[in-house]
Every structure is written in structure tokens, then in C-alpha cells.
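Peer 1: Using the working numbering, read the sequence shown as starting at 5 and increasing by one per residue. Glycine included, each C-beta is placed from N, C-alpha and C at the ideal position. I have a structure here, written as C-alpha cells, and I will follow up with some questions on it.
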Amino acid sequence: MATKRVEDEVQEPRPTVREVMRSVLAQAKLIAGADWLDRRVEGVRLMETPEVQPRAGDLMFTSGFPIKDDVSAQIRLVARIADSGGAGLVVRPLPYMRKVPPEMVTEADRLKVPLFTVPSDVQFVDLMAPLLERIINAEHWRLKRSIEIHHRFTELVLDGKGVNEICRTLADLLESAVVVEDASFHLLAHAGGSADPHRKETILRQGTPQRVLFDPQIQRMLREVEAKRGPVKVPAFPHLGMSRERLIAPIFASNQVLGYISILDHPPRNEELAFMAIEQAALVLALSIAKERELSEVEGRVRGEYLEDLLHGTYGDEAAAQRRARHLRP
5 MATKRVEDEV
15 QEPRPTVREV
25 MRSVLAQAKL
35 IAGADWLDRR
45 VEGVRLMETP
55 EVQPRAGDLM
65 FTSGFPIKDD
75 VSAQIRLVAR
85 IADSGGAGLV
95 VRPLPYMRKV
105 PPEMVTEADR
115 LKVPLFTVPS
125 DVQFVDLMAP
135 LLERIINAEH
145 WRLKRSIEIH
155 HRFTELVLDG
165 KGVNEICRTL
175 ADLLESAVVV
185 EDASFHLLAH
195 AGGSADPHRK
205 ETILRQGTPQ
215 RVLFDPQIQR
225 MLREVEAKRG
235 PVKVPAFPHL
245 GMSRERLIAP
255 IFASNQVLGY
265 ISILDHPPRN
275 EELAFMAIEQ
285 AALVLALSIA
295 KERELSEVEG
305 RVRGEYLEDL
315 LHGTYGDEAA
325 AQRRARHLRP
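This is the structure in C-alpha cells:
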């Protein structure tokens with residue numbers, strides 16, 4: 005089955021604040037937080053009563069009516085958005101607030117909250133509706149693609165494909181270089197190409213070198229990866245030959261680390277899809293590794309029993325011994 009690549013995708017990812025500013029908020033004026041426009045907008049909320057609470061990823065809209073006479077409350081609103089991980093704030097000052105106080109602007113810059121103003125004749129519904137449609141479409145695409153990726157990897161397991169095929173599929177999907185190692189950092193599979201010196205050394209040595217594993221920065225990074233239990237973007241470590249940033253994810257089964265996936269040169273425009281694909285690959289790799297481990301244990305027992313029978317002369321006739329021998333993998 006052909007694998008649909010990331011760059012082949014016709015998609016509508018969740019917009020950034022910068023993208024919203026260039027489209028839906030074309031009439032808006034950015035007055036603070038200009039250096040923090042690349043965060044994703046995951047929702048929109050209208051705040052016209054004090055009890056409305058900001059949420060992570062939300063772009064907030066307000067006329068300022070509930071806090072029109074309270075500069076302290078206006079400043080606290082910016083802090084509430086920052087504390088919740090909100091995407092930004094759009095204010096329509098007229099007619100209630102008249103103007104955005106300089107203290108509010110200063111606070112937005114300090115707390116890295118993009119702050120916009122819009123003219124009095126702009127209706128919030130005309131801004132929120134198209135933005136909400138874009139967000140819903142993006143979520144629909146994300147769910148649809150997640151199911152497709154899951155089905156693709158699950159088919160590999162059901163078809164009896166192993167770690168090598170899963171690794172190749174992930175590399176093809178992301179058009180990236182992929183390395184899969186076990187919990188002791190012995191190489192299990194690799195696919196794709198990269199000029200990264202560490203990756204070349206890992207493949208040559210059939211595993212991550214000890215000098216890399218015992219580096220304090222790498223130890224901290226691995227603890228972070230295991231604690232998150234999902235993909236983590238890791239910076240370059242040039243002193244170790246890791247010349248590029250990479251995505252690393254643990255392979256978990258029954259709260260036990262079975263191995264790690266490392267991805268180089270993932271498509272930056274589709275990082276969300278890359279994380280999604282890595283998570284799905286980690287799941288099916290866990291199944292494949294656990295299956296291979298169980299098979300090896302069974303074969304080990306069978307081989308041991310066969311050798312014991314040979315030693316004690318209890319294997320039956322010669323034909324029976326040959327049949328049993330043929331069932332053992334070399």
C-alpha cells in the first residue's frame with residue numbers, strides 16, 4: 005500500500021496568531037506582544053461578563069464593558085490570559101473603555117500576550133465566525149488524518165510486519181530519517197538518510213555510543229522524554245555530533261520502556277502531523293517489539309527443551325528430531 009506523505013497533504017492546520025492577524029484580523033491593530041505571534045489559536049471566546057475564564061489556546065474578544073472603569077481589572081485580564089496559556093486578546097475600546105490604558109499594553113508585552121484593538125464599527129461575530137470555522141476544519145482534518153495513520157500502522161502489525169517495515173513507513177510518511185532503538189539503545193531499525201554525524205555513528209556502531217548516553221544533557225533529555233511519555237523536540241548537541249534538532253519518543257508497554265524513536269529532518273510546516281505519526285508509530289512498535297520478545301522467549305524454551313531431549317536421548321526417533329529442528333529459527 006502506498007504511503008501518503010506529509011508534504012502531499014492538502015490541509016488546513018490550526019492557524020497561528022500571525023496568520024489570523026493577516027486574514028481575519030486584517031482591520032485590527034497590534035499594540036503589544038509582537039514577538040509572540042506564532043502560538044496556535046485553538047479556540048475563540050467572547051468575554052462580556054466577569055466570570056468568563058480564559059482557556060489555553062483561546063483568542064479572547066472583549067468590548068471591555070465588565071471592566072470599563074477598572075484599570076486594575078484590565079491589567080489582571082491580561083495576566084489571566086497569560087496564566088491560562090491563551091493565544092491573545094482582541095479589544096474593541098469604544099464606546100466603553102474609550103482607550104486601552106498604557107499599563108495594559110505594558111503588561112501584555114511583559115507577559116508575552118498579543119494584544120489587538122479593532123474599530124468600533126467592527127462586529128465581533130464577523131471576526132469570530134470565520135475563525136471558528138477554520139479551527140473546526142483543522143480539528144476535523146487532524147482527527148481524519150490521525151485515523152488514517154493509525155489504520156496504516158495497524159495494518160502493518162496485522163500483516164505480520166515487524167520493526168523494519170514500521171520504521172520505513174514512518175520515514176516515508178514524514179520524508180525524514182528515522183532510527184529505532186531498544187531500551188538499551190541497541191539499533192533495531194533505521195530508514196531514510198541524513199548527514200547528521202551522530203546518526204551515522206549510531207548506524208555504524210549498531211547503537212548509540214556510550215559517550216553520548218552518559219552525557220549529562222542527554223540524561224536530562226531522556227528523563228524528560230520518559231516523563232512526558234510522548235514525542236519531545238530535542239535541540240542539537242553539536243559537541244556529541246548531534247548537529248540537528250530531532251524528535252524523540254519513547255516506546256512504552258505496560259509502563260515499561262521498550263525503546264525509542266528518533267526522527268531527523270521532519271517537515272517543519274507539518275510538525276503537528278509529525279507528532280501524531282510518531283505517537284501512532286510508537287504504539288504499533290510497542291506491539292511489534294513485545295510480540296517479537298514473546299516469540300523469542302517461546303523459541304528459547306522450545307530450543308532448550310529440544311537440546312535437553314537430545315542430551316538425554318528422549319527426543320523419539322530421528323525423523324521426529326528432524327521435524328522439531330526444522331521448526332527452530334536459526
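Which parts of the stretch 15 to 82 are runs of the beta strand (DSSP E), unbroken and 3 residues or longer, counting only runs that do not cross its ends?
Peer 2: You should have 33 to 36, 47 to 50, 62 to 66.
Peer 1: What is the DSSP secondary structure of residue 127, counted as helix, strand or coil?
Peer 2: In the sequence shown, residue 127 corresponds to position 123, counting from 1. Coil, per DSSP.
Peer 1: Tell me the DSSP secondary structure of residue 284 in three-state form.
Peer 2: Here residue 284 corresponds to residue number 280 of the sequence shown, with the count starting at 1. DSSP places residue 284 in helix when its eight states are reduced to three.
Peer 1: Excluding the 5 residues flanking residue 17 on each side, which residues of the same chain have their C-beta closer than 7 angstroms to its C-beta?
Peer 2: On the sequence shown, position 13 is the one that residue 17 refers to. Excluding positions up to five away in sequence, the list reads 142, 276.
Peer 1: Please report the residue range of the alpha helix (DSSP H) in which residue 173 lies.
Peer 2: Along the sequence shown, one-based indexing puts residue 173 at 169. Here the alpha helix (DSSP H) through residue 173 covers 167 to 178.
Peer 1: Leaving out five residues before and five after residue 36 in sequence, what residues of the same chain have Cβ atoms less than 6 angstroms from its Cβ?
Peer 2: As a working note, residue 36 is residue 32 in the sequence shown. Excluding sequence neighbours, residue 36 sits near 109, 112, 113, 119.
Peer 1: Note down the Cα distance separating residue 208 from residue 158, rounded to an integer number of angstroms.
Peer 2: Indexing the sequence shown from 1 puts residue 208 at position 204. Indexing the sequence shown from 1 puts residue 158 at position 154. Cα to Cα, the separation comes out at about 30 angstroms.
Peer 1: Look up residue 336 in the DSSP assignment and say whether it is helix, strand or coil.
Peer 2: Shown here, the chain extends from 5 to 334; a query on residue 336 therefore has no answer.
Peer 1: Can you give me the start and stop residues for the beta strand (DSSP E) that residue 96 sits inside?
Peer 2: As a working note, residue 96 is residue 92 in the sequence shown. Where residue 96 is concerned, there is no enclosing beta strand (DSSP E), given that its DSSP letter is neither H nor E.
Peer 1: What does a CB cutoff of less than 7 angstroms around residue 285 pick up in its chain, not counting 5 residues either side in sequence?
Peer 2: By 1-based counting over the sequence shown, the position of residue 285 is 281. If we look at residue 285 and ignore the five residues flanking it on each side, its Cβ neighbours are 157, 170, 174, 265.
Peer 1: Using beta-carbon positions only, say whether residue 135 and residue 288 come within less than 8 angstroms of one another.
Peer 2: For the purposes of this step, residue 135 is taken as residue 131 along the sequence shown, with counting starting at 1. For the purposes of this step, residue 288 is taken as residue 284 along the sequence shown, with counting starting at 1. No, the pair does not count as a contact, with Cβ atoms beyond the cut-off.
Peer 1: State yes or no: is the C-beta of residue 222 nearer than 7 angstroms to some heavy atom of the ligand ADP?
Peer 2: No copy of the ligand ADP occurs in the structure displayed, which carries no ligand at all.
Peer 1: Can you tell which of 198, 234, 244 has its C-alpha closest to the C-alpha of residue 219?
Peer 2: As a position in the sequence shown, residue 219 is number 215, starting the count at 1. When only C-alpha atoms are compared, the closest one is 244.
Peer 1: Could you please give the first and the last residue of the uninterrupted beta strand (DSSP E) stretch that includes residue 268?
Peer 2: Sequence index remark: in the sequence shown, residue 268 carries index 264 (1-based). Residue 268 -> beta strand (DSSP E) spans 260 to 268.
Peer 1: Rounded to a whole number of angstroms, what is the C-alpha to C-alpha distance between residue 183 and residue 281?
Peer 2: Sequence index remark: in the sequence shown, residue 183 carries index 179 (1-based). Sequence index remark: in the sequence shown, residue 281 carries index 277 (1-based). Answer to the nearest angstrom: the Cα atoms are 14 angstroms apart.
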